[in-house]
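Let me begin by presenting the structure, written as structure tokens, before commenting on it.
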Amino acid sequence: MSAQTALESTIVPTPPEETLRRRRSGFVTSFLTVWSSPKARVGIVLLGFFILVAILAPLIAPYGPTQNDFARNESGGAEHWFGTTAAGEDVFSQVVFGTRVSLTVALIAGALSTLIAVVVGLSWGYSKGILSEIINFIVNLFLVIPGLPLMIVIAAYIQNGGLAMIIGVVVITGWAWGARVLHSQSKSLRARDFVTAAQFSGDSAPRIIFREILPNMTSIVVGSFVGAATAAIIAEASLSFLGIGDTTRVSWGSMLFWAQNSSALLTGQWLLLLMPGLSIALLALAFTLVNFGIDGLSNPRLREGTGR
Amino acid sequence: MTPLLQVENLSIVYEPKGDEPFRAVRNVTFSLEKGEFVGLVGESGSGKSTLGFALTRLLKHPARIEEGRILFRGQDISQIEGEELRRQRHGGFAQVLQSGMNALNPVRKIGNHFYDIFAAHGHIPPDQREARAKELVGKVRLPESVLNRFPSELSGGMRQRVSIALALSLEPELMVFDEPTTALDVLVQHAVMETIKALQESEGFTAILVSHDLGIVLESTQRVMVMHEGEIVEDGTSSQILGKPKDPYTQMLLSHYADPRAEVVELPGLTVRGGSKTVAHAPAAEVAGRIPAALDGVLEGAHDSFVVQGISKVYPPPRRGEKPVTAVDDVSFRIDPGESVALVGQSGSGKSTIAKLITGVEKPTSGTIMFGDVDVAKLGRRGLKDLRRQVQMVFQDPYSALNPLHTIEYILSRPIVNFTGAKGDDVRKRVHELLELVELTPADDYAGRMAHQVSGGQRQRVVIARALACNPQVLIADEPVSMLDVSLRAGVLALLEDLRVRLGVSLLYITHDLLSARLVTDRIMVLHDGKVVEAGDTVQVLRFPEDPYTIKLLDSIPQPAKAHARSAAAAAGAAARA
Chain V
186 MSAQTALEST IVPTPPEETL RRRRSGFVTS FLTVWSSPKA RVGIVLLGFF
236 ILVAILAPLI APYGPTQNDF ARNESGGAEH WFGTTAAGED VFSQVVFGTR
286 VSLTVALIAG ALSTLIAVVV GLSWGYSKGI LSEIINFIVN LFLVIPGLPL
336 MIVIAAYIQN GGLAMIIGVV VITGWAWGAR VLHSQSKSLR ARDFVTAAQF
386 SGDSAPRIIF REILPNMTSI VVGSFVGAAT AAIIAEASLS FLGIGDTTRV
436 SWGSMLFWAQ NSSALLTGQW LLLLMPGLSI ALLALAFTLV NFGIDGLSNP
486 RLREGTGR
Chain R
9 MTPLLQVENL SIVYEPKGDE PFRAVRNVTF SLEKGEFVGL VGESGSGKST
59 LGFALTRLLK HPARIEEGRI LFRGQDISQI EGEELRRQRH GGFAQVLQSG
109 MNALNPVRKI GNHFYDIFAA HGHIPPDQRE ARAKELVGKV RLPESVLNRF
159 PSELSGGMRQ RVSIALALSL EPELMVFDEP TTALDVLVQH AVMETIKALQ
209 ESEGFTAILV SHDLGIVLES TQRVMVMHEG EIVEDGTSSQ ILGKPKDPYT
259 QMLLSHYADP RAEVVELPGL TVRGGSKTVA HAPAAEVAGR IPAALDGVLE
309 GAHDSFVVQG ISKVYPPPRR GEKPVTAVDD VSFRIDPGES VALVGQSGSG
359 KSTIAKLITG VEKPTSGTIM FGDVDVAKLG RRGLKDLRRQ VQMVFQDPYS
409 ALNPLHTIEY ILSRPIVNFT GAKGDDVRKR VHELLELVEL TPADDYAGRM
459 AHQVSGGQRQ RVVIARALAC NPQVLIADEP VSMLDVSLRA GVLALLEDLR
509 VRLGVSLLYI THDLLSARLV TDRIMVLHDG KVVEAGDTVQ VLRFPEDPYT
559 IKLLDSIPQP AKAHARSAAA AAGAAARA
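Chain order of the listed sequences is V and R.
All residue numbers for the first sequence refer to my numbering, where the first residue is 186 and numbers rise by one.
All residue numbers for the second sequence refer to my numbering, where the first residue is 9 and numbers rise by one.
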């Protein structure tokens with residue numbers, strides 16, 4: 186007995202203060218893990234840049250986004266860096282203010298579709314039998330319907346929508362993929378002994394789902410949020426470009442819509458198409474790069490520079 | 009003559025990114041003569057596998073050979089890389105992995121695995137490859153027909169034999185077996201070990217057997233090295249280690265082996281004699297006094313019995329066209345209040361299915377399970393919750409049975425809140441009582457820790473505490489010590505036995521380990537292919553087994569003492585004749 190207690194006590198004698206400290210620094214550790222990936226570092230810097238631009242838009246932009254008392258169809262120059270639109274608006278100011286729309290849609294739509302994905306995916310993973318089959322059917326339904334046409338149909342049906350409509354459409358079409366990923370993960374966690382143990386401890390199903398299973402998949406939830414946000418940026422741009430929703434609101438997508446309408450390329454105003462397009466690509470890239478780092482958080486094997 | 013392998017002052021360090029470096033092997037020096045069969049024994053974390061991997065140069069980042077030399081046939085292999093290393097693998101060194109059976113490519117036939125190796129090293133002309141592959145599988149006692157099968161069509165034992173044959177295909181001079189039988193079932197384990205021994209004798213290669221199980225190693229090897237915290241603490245012949253171990257660590261390891269057939273079975277903290285059973289840890293006289301005062305009033309002990317009659321469980325066929333699987337076949341037994349019953353058998357014998365059936369997790373195909381006057385098979389969700397207040401489970405794997413994100417206090421508080429309706433300070437008090445009950449003191453310290461901040465043995469104590477939190481009548485313990493290091497097992501078993509007696513709960517102890525069954529149970533049932541083949545008093549059944557299956561199970565337990573007595577007798581006989 187004595188040899189055994191001696192062995193046990195040598196292993197992890199952690200004082201309680203240290204326990205607290207370690208728990209508090211959990212977030213910091215996760216951030217450092219993500220930061221340690223060079224790709225994610227680029228992504229975080231890029232994302233931080235866009236967030237700053239969005240917050241400080243009125244300070245950065247020389248003019249208002251809808252101010253249209255400038256000469257029309259001007260090329261880029263000292264006065265108007267990226268030129269002016271056919272309606273006589275400053276393109277640089279529009280790009281800066283457009284960041285706000287894209288980021289808002291990305292964050293809100295990403296968060297909402299992740300929320301739905303978490304609730305559906307986890308209950309699906311935990312349930313058995315007929316209920317699981319029904320959810321499976323619904324999720325598959327949303328997965329096989331091509332996204333963009335569905336968005337267009339829904340958007341056309343709702344008609345007079347602003348930003349809220351775009352967000353709604355993106356959420357409705359975007360949650361299913363995340364739900365499926367979370368489902369398979371929660372299914373494997375469900376088979377773990379600690380879930381059975383919680384059942385033996387008398388815990389209810391919702392409590393097991395949200396207190397036992399969910400905290401073990403935080404990194405996957407975050408990854409799924411970032412993925413959904415990326416998809417939302419692109420979906421918003423696509424819808425606006427197609428002229429669905431409010432075309433008078435200045436967003437990167439609607440800028441492309443108006444540039445296309447005024448045949449900007451034919452008139453040699455390529456900056457009108459390039460700048461919003463590049464911004465969309467860069468913001469989506471930023472989110473994607475961050476996701477590389479988050480992969481390392483959920484699966485240590487994917488951490489860069491560790492495996493050989 | 010120079011030894012085949014000379015390891016000089018070898019140190020291996022793990023350097024994980026952003027974490028403290030950790031030295032797993034410290035200044036190890038030893039040498040191996042040609043044809044030796046050496047055991048390398050240690051508990052988890054002792055560095056034995058790291059050392060084994062270093063010898064065959066299979067170490068992966070972040071592990072690194074820090075200093076020292078590995079001289080193989082006089083050449084230092086500790087720093088060679090790439091092509092030079094690859095060429096050494098032919099006729100040099102090979103390794104059989106613990107999970108070697110899972111290392112086969114599932115979409116390629118067994119034969120192709122051999123041909124790939126032959127092609128890579130080009131030492132067998134194409135027209136002789138098939139003949140050579142047949143010869144190799146013959147050596148590990150597999151039929152030639154396995155070459156045309158896919159890995160998924162073979163059993164775990166057969167796949168491990170294939171991976172041994174693959175390691176042999178390059179005619180290595182040095183073979184490292186890293187826990188070659190640990191992932192296998194008891195009976196299969198025994199057979200594979202026999203094959204390895206026979207192969208080593210007939211092929212004459214030098215072999216290192218890395219294992220946590222001193223029993224297996226002592227039984228099969230001539231020389232044993234014991235590792236503890238990265239150092240070799242003892243190096244001697246098997247009979248020396250068995251007879252007079254010098255290092256206290258080796259002595260401690262050895263003290264945890266015993267023959268379940270003996271009249272007196274003794275482990276540190278636990279003694280079981282012929283008929284009656286005593287727990288040295290907590291003599292009966294002291295028992296009453298040691299129950300914490302606060303628990304005294306609440307405890308009633310068990311008063312209902314489990315009566316299981318003719319239960320069967322048939323699972324639907326695994327694949328179309330196959331027969332349904334009968335996991336449990338017409339089993340009847342009863343567990344009376346306060347009784348301790350063992351359910352033993354190899355994997356696939358249906359013992360875990362019985363645990364699922366009597367806890368209501370699954371429903372039997374036929375038969376009845378009565379607990380008191382409750383029919384377990386007919387319970388709904390509400391009824392199951394009530395049943396779990398009375399019947400609790402101790403899980404096998406302490407690493408997966410505790411949620412890594414909760415504190416021990418939270419984990420223990422759940423059953424208290426759900427079943428006893430206690431609130432606030434009462435819950436806290438009860439958590440502390442439970443921690444003291446399982447000897448995790450000071451309770452204040454342990455309550456705030458996360459599961460990953462305590463060791464394996466302590467985790468299992470938490471699992472036991474959780475099972476006892478709602479004062480159940482019956483504990484179902486499914487292999488509660490099989491995942492623990494040998495030196496921790498006796499402590500956890502003693503605790504379980506002690507608490508069972510003190511709190512008066514019934515116990516169904518499920519295991520493949522007959523020694524532990526002997527130590528903590530009164531009655532035993534031996535399960536084979538879903539049927540009970542032998543049942544009765546534990547001591548009676550294990551000392552004087554009648555069924556051939558029980559005898560087979562008993563024989564598969566490594567008994568170093570007996571094996572060495574045999575070889576010593578043979579040697580003495582030979583000497584007398586000469």
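Using N, Cα and C, we set each Cβ at its ideal position, and we do this for glycine too.
Here the structure is a predicted model, which means the values were calculated and not measured.
Would you mind working out which of the options sits nearest residue i, comparing C-alpha positions?
| i | options | result |
| --- | --- | --- |
| R/Arg-231 | R/Asp-221, R/Val-241, R/Ile-216 | R/Ile-216 |
| R/Asn-479 | V/Ile-393, V/Phe-385, V/Pro-400 | V/Phe-385 |
| R/Ser-340 | R/Ser-421, R/Ser-171, R/Val-541 | R/Val-541 |
| R/Arg-81 | R/Thr-10, R/Lys-117, R/Glu-23 | R/Thr-10 |
| R/Gly-353 | R/Val-154, R/Lys-386, R/Leu-522, R/Gly-100 | R/Leu-522 |
| V/Ala-466 | V/Phe-267, V/Val-219, V/Trp-437 | V/Trp-437 |
| V/Val-475 | V/Ser-215, V/Val-219, V/Thr-214 | V/Val-219 |
| R/Gln-14 | R/Leu-79, R/Ala-32, R/Val-382 | R/Leu-79 |
| V/Gly-249 | V/Ile-301, V/Val-281, V/Phe-267 | V/Val-281 |
| R/Phe-38 | R/Pro-566, R/Ala-543, R/Gly-76, R/Gln-317 | R/Gly-76 |
| V/Ser-439 | V/Arg-392, V/Phe-234, V/Thr-270 | V/Thr-270 |
| R/His-121 | R/Arg-95, R/Ser-313, R/Asn-156 | R/Asn-156 |
Quick check on residue i: does DSSP put it in helix, strand or coil?
| i | result |
| --- | --- |
| R/Leu-217 | strand |
| R/Asn-156 | helix |
| R/Met-233 | strand |
| R/Ala-430 | coil |
| V/Ile-293 | helix |
| R/Gln-404 | coil |
| R/Gln-96 | helix |
| R/Lys-252 | coil |
| V/Thr-190 | Since pLDDT at V/Thr-190 reaches only 39, below the 50 mark, its modelled position is unreliable, and no value is offered. |
| R/Phe-101 | strand |
| R/Leu-48 | strand |
| R/Ile-416 | helix |
Output yes if chain V places a C-beta closer than 8 Å to the C-beta of residue i; else output no.
| i | result |
| --- | --- |
| R/Leu-59 | no |
| R/Pro-591 | There is simply no residue 591 of chain R to check, as chain R begins at 9 and stops at 586 in what is shown. |
| R/Asn-479 | no |
| R/Leu-3 | Residue 3 of chain R is absent from the model: chain R starts at 9 and stops at 586. |
| R/Ser-54 | no |
| R/Lys-539 | no |
| R/Asp-405 | yes |
| R/Phe-427 | yes |
| R/Pro-423 | yes |
| R/Asn-110 | no |
| R/Met-235 | no |
| R/Ala-139 | no |
| R/Met-401 | yes |
| R/Ala-296 | Note that R/Ala-296 has pLDDT 38, beneath the 50 cutoff, so the model's placement of it is unreliable and no number is given. |
| R/Ala-451 | no |
Looking at chain R, is there any beta carbon in it that lies within less than 8 Å of the beta carbon of residue i?
| i | result |
| --- | --- |
| V/Pro-400 | yes |
| V/Ser-386 | yes |
| V/Glu-318 | no |
| V/Asp-254 | no |
| V/Asp-378 | yes |
| V/Glu-421 | no |
| V/Arg-206 | Because the pLDDT of V/Arg-206 is 42, which lies under 50, any placement of that residue in the model is unreliable, and the number read from its coordinates should be weighed accordingly. No - not a single Cβ of chain R is within 8 Å of the one on V/Arg-206. |
| V/Ala-382 | yes |
| V/Glu-397 | yes |
Report task. Would you list, in sequence order, the uninterrupted alpha helix (DSSP H) runs of no fewer than 4 residues that lie entirely inside the segment 494-533 of chain R? Result -> 494-511, 522-528
Query raised in the report: What residue ranges within the segment 533-561 of chain R form continuous beta strand (DSSP E) runs of no fewer than 3 residues, ordered along the chain?
Result: You should have 539-545.
Query raised in the report: Which full runs of the alpha helix (DSSP H) of 4+ residues lie inside the segment 453-500 of chain R, going along the chain?
Result: 464-476
Report task. Jot down the residue ranges of each uninterrupted alpha helix (DSSP H) in the segment 134-219 of chain R, minimum 4 residues, whole runs only, in chain order. Result -> 137-147, 164-176, 194-211
Query - Cβ contact (3+ pairs, closer than 8 Å) linking the segment 424-438 of chain R and the segment 461-472 of chain R - result: no
Query - Stretch pair the segment 349-368 of chain V + the segment 294-313 of chain V: three plus CB contacts closer than 8 Å - result: yes
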